[in-house]
Amino acid sequence: MGVVDQRLLGHNPSVEVITSIRLFSELALACLREKKGERPSMKAVVQELQRIIKIVDKEEVFSEVEIMQSKTLIMSCGRIQKLK
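Just so you know, we're using our numbering here: the sequence shown kicks off at 2 and counts up by one.
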């Protein structure tokens, strides 16, 4: 991950983030192959990008759940209660 800006990774990147960056990099390199016949078709590129997006979306859903679970206080009828 030395070529990736550390600001994109954050302090502790998830497996999903690292995987999506690796897959995107591999796809980009495949698109740069010298011989046309060795490069992926646009259909294959779109399919791979959709697969990568699903990985990222999955990671974002987990992040949102973690954020929700990390909140310790909620407002309920004007009172502050601790979540259990």
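Think of the CB as a built atom: it goes at the ideal place given N, C-alpha and C, for glycine as much as any other residue.
May I ask you to report which of helix, strand or coil DSSP gives residue i?
i: Asp-6; result: coil
i: Glu-35; result: coil
i: Arg-23; result: helix
i: Arg-40; result: coil
Are there 16 or more other CB atoms within 10 angstroms of the CB of residue i, so buried, or fewer, so exposed?
i: Ile-54; result: exposed
i: Ser-26; result: exposed
i: Glu-35; result: exposed
Taking C-alpha atoms, which residue in the options lies nearest to residue i?
i: Val-57; options: Leu-33, Cys-32 and Arg-23; result: Arg-23
i: Ala-31; options: Ser-15, Leu-50 and Val-16; result: Leu-50
Any contact of the segment 35-52 with the segment 8-15, i.e. 3+ C-beta pairs under 8 Å? no
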